[in-house]
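Asker: For the working numbering, add 16 to where a residue sits in the sequence shown, where the first one is 1.
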Amino acid sequence: MTLYNRNPYECNDLDELREWVARLKESASILREIDRHLREMNDLLYQTNTEQGYLIDAQKEQINLLREKLAQYEIAFSVEHYNHVCRLN
17 MTLYNRNPYE CNDLDELREW VARLKESASI LREIDRHLRE MNDLLYQTNT EQGYLIDAQK
77 EQINLLREKL AQYEIAFSVE HYNHVCRLN
């Protein structure tokens, strides 16, 4: 089991080499599984960020529409106030 500290090409024990290969295969399998999970998480994060971006864009558009409406109301009320003052004079 000290193969990790030695050069595998210098090992003459076939059983030890087989065990080492089996552990390498297991490690590779685990790394592939981790990679798959990371890719899934990356896809989910990208999808979430994209959806959030769409929501933010929709909210910005709604805010701009509300600002336009508010400006129209301000103009309408200021004109109404001006006309009311003119009628009083």
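Note that the Cβ used here is the ideal one computed from N, Cα and C, for glycine as well.
I want to see whether chain D comes within less than 8 Å of Gln63, judged by CB atoms only; does it?
Answerer: Looking at the structure shown, chain D is missing, and only one protein chain is on hand.
Asker: Indicate the three-state DSSP secondary structure (helix, strand or coil) for Cys102 in the structure shown.
Answerer: helix
Asker: Suppose you measure from the CA of Glu32 to the CA of Ile46; what does that come to, to the nearest Å?
Answerer: The alpha-carbon of Glu32 is positioned some 21 Å away from that of Ile46.
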